[in-house]
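S.K.:
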Amino acid sequence: MTGIPNIMLNNGQRIPQFGFGVFLIPPDETEAAVSRALEAGYRHFDTAEMYGNEAEVGSAISKSGLSRSEIFVTTKLGNGAHRPDDARQAFDGSLKALGFDYVDLFLIHWPLPARYEGDFVATWKTLEEFYRDGRSRSIGVSNFQPHHLRRLHQESEITPAVNQIEVHPYLTQDDVRGFCAEHQIAVEAWSPLGRGTVLGDPTIADIAGRYGKTPAQVVLRWHIERGDIVFPKSVTPARIRENIDIFDFELSGEDVESISALNRNERTGPDPDKFDMI
Ligand code: NAD
Numbered sequence: 079m080t081g082i083p084n085i086m087l088n089n090g091q092r093i094p095q096f097g098f099g100v101f102l103i104p105p106d107e108t109e110a111a112v113s114r115a116l117e118a119g120y121r122h123f124d125t126a127e128m129y130g131n132e133a134e135v136g137s138a139i140s141k142s143g144l145s146r147s148e149i150f151v152t153t154k155l156g157n158g159a160h161r162p163d164d165a166r167q168a169f170d171g172s173l174k175a176l177g178f179d180y181v182d183l184f185l186i187h188w189p190l191p192a193r194y195e196g197d198f199v200a201t202w203k204t205l206e207e208f209y210r211d212g213r214s215r216s217i218g219v220s221n222f223q224p225h226h227l228r229r230l231h232q233e234s235e236i237t238p239a240v241n242q243i244e245v246h247p248y249l250t251q252d253d254v255r256g257f258c259a260e261h262q263i264a265v266e267a268w269s270p271l272g273r274g275t276v277l278g279d280p281t282i283a284d285i286a287g288r289y290g291k292t293p294a295q296v297v298l299r300w301h302i303e304r305g306d307i308v309f310p311k312s313v314t315p316a317r318i319r320e321n322i323d324i325f326d327f328e329l330s331g332e333d334v335e336s337i338s339a340l341n342r343n344e345r346t347g348p349d350p351d352k353f354d355m356i
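Everything in the sequence shown is counted per the working numbering, starting at 79 for the first residue and increasing by one.
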């Protein structure tokens with residue numbers, strides 16, 4: 079048993095706090111990577127239409143022999159499909175690619191404030207349809223700033239269950255996380271290892287040495303202690319096992335604080351207020 083905690087979302091659904099991300103895993107390597115992760119005990123997978131590997135994620139899960147209800151699967155709307163009719167088609171396409179009749183979580187990938195006349199609210203209302211008809215057990219957003227979330231709050235009915243944003247020790251996102259906590263929106267931390275950039279940090283190396291753990295394990299544990307949901311990516315079998323082996327220790331409050339103090343407001347990915355790529 080891995081002892082992965084579940085987090086209760088604002089609609090009563092549960093999500094494993096730890097999972098596996100498949101961004102930048104080429105389609106021809108994805109089925110093998112997901113199968114390895116399943117063998118290592120991962121039960122939560124994060125993909126997206128944009129990653130081009132939904133079909134391979136779905137087939138690894140289907141071939142695993144595990145029941146669909148034991149696995150939590152998230153996918154995301156492509157940036158080119160924000161208009162309601164396109165979003166409906168894209169959602170059907172994602173279900174078809176995955177080979178499932180529902181997803182656990184469907185997200186708007188980016189708010190794209192400079193596209194679609196800035197109207198991500200119409201897109202959100204379309205996701206509400208997928209929630210109401212049961213084909214997406216939960217719906218949420220990704221890369222939304224507080225001012226984007228405020229608009230959804232004022233102009234739509236359902237509060238996003240999650241906001242998936244870039245978070246790691248060099249980008250602690252205290253303002254967005256604070257806003258989400260106030261509004262019962264769970265935070266998912268993407269690039270939890272800062273794509274590897276934080277792993278050579280001397281403070282993290284020192285803490286890792288004291289706990290007899292690796293820098294990656296300490297950083298992932300830091301996210302868990304802060305309450306965020308994480309899904310690190312790796313195709314390397316030893317790292318896939320290493321990353322999930324974090325449920326047999328806890329960091330002290332002081333060590334959590336020293337890692338949080340490494341914040342430099344440094345993104346590895348795009349700024350959501352500016353990003354407009356389709
Ligand atoms: P990550 O922080 O998980 O880093 C992954 C990289 O770190 C790997 O390529 C590998 O080089 C290295 N790594 C992994 N485990 C390691 C270990 N134990 N020791 C040393 N190095 C290790 O970055 P990510 O893949 O960008 O983020 C994770 C997931 O978040 C993605 O796969 C995707 O599902 C999601 N994501 C979402 C968005 C979004 O816009 N919503 C953007 C980026 C990523």
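Think of the CB as a built atom: it goes at the ideal place given N, C-alpha and C, for glycine as much as any other residue. None of the values given here were measured: they were computed from a predicted structure.
According to DSSP, what are the bridge partners of Ala267?
M.R.: Ile243, Val308
S.K.: My understanding is that Val297 touches Ile282, with C-beta atoms under 8 Å, so please give their C-beta distance in whole angstroms.
M.R.: 6 Å
S.K.: Can you find at least 3 beta carbon pairs, one from the region 329–348 and one from the region 129–138, that sit closer than 8 Å?
M.R.: no
S.K.: Cα separation between Lys141 and Ile103?
M.R.: 19 Å
S.K.: Distance check for Ile93 and Ile303, CA to CA, integer angstroms please.
M.R.: First, the amino acid is wrong: residue 303 is Glu here, not Ile. Here the alpha carbons of Ile93 and Glu303 stand approximately 16 Å from one another.
S.K.: To the nearest angstrom, report how far apart Arg288 and Gly196 are at their CA atoms.
M.R.: Their Cα atoms are separated by approximately 49 Å.
S.K.: Can you tell me whether Ser269 is buried or exposed? The criterion is at least 16 other CB atoms within 10 Å of its CB, across all chains shown.
M.R.: Flag for Ser269 reads buried.
S.K.: Going along the chain, which residues of its own chain have a beta-carbon closer than 7 Å to the beta-carbon of Val313, five neighbours each way excluded?
M.R.: Ile103, Glu107, Ala111
S.K.: For Thr204, which residues from the same chain have a beta carbon less than 6 Å from its beta carbon, with the 5 sequence-adjacent residues on both sides left out?
M.R.: Pro162, Ala165
S.K.: Is Trp188 near ligand 1 - that is, is its Cβ less than 8 Å away from at least one heavy atom of it?
M.R.: Result yes, Cβ under 8 Å from ligand 1.
S.K.: Express the C-alpha separation of Arg317 and Ala175 in angstroms, rounding to a whole number.
M.R.: 27 Å
S.K.: Going by DSSP, what residues sit across from Asp106 in a beta bridge?
M.R.: The partner list for Asp106 (beta bridge, DSSP) is empty, contrary to what the question assumes.
S.K.: Would you give the residue range spanned by the beta strand (DSSP E) that His225 belongs to?
M.R.: Boundaries around His225 are those of the alpha helix (DSSP H), 224–233, since no beta strand (DSSP E) includes it.
S.K.: Given 8 Å as the limit, tell me if Trp300 has its C-beta closer than that to any heavy atom belonging to ligand 1.
M.R.: no
S.K.: Does the region 337–350 touch the region 177–184, meaning 3 or more C-beta pairs lie closer than 8 Å?
M.R.: With the cut-off at 8 Å, the region 177–184 and the region 337–350 do not touch.
S.K.: Could you check if Ala351 is buried or exposed, using at least 16 other CB atoms within 10 Å of its CB as the buried criterion?
M.R.: In the sequence on display, residue 351 carries Asp and not Ala. Result: exposed.
S.K.: In terms of alpha-carbon separation, which member of Ile285, Leu230, Gln91, Pro224 lies closest to Ala200?
M.R.: Leu230
S.K.: Just reading off the beta strand (DSSP E) that Phe150 is part of, what are its end residues?
M.R.: 150–155
S.K.: Would a C-beta distance cut-off of 9 Å place Ile322 and Gly119 closer than the cut-off?
M.R.: yes
S.K.: Check for me: the alpha helix (DSSP H) holding Ile318 runs from which residue to which?
M.R.: Residues 315–322.
S.K.: Does Ser285 come out as helix, strand or coil in the three-state DSSP assignment?
M.R.: Correcting the residue type first, residue 285 is Ile in the shown sequence and not Ser. Helix at Ile285.
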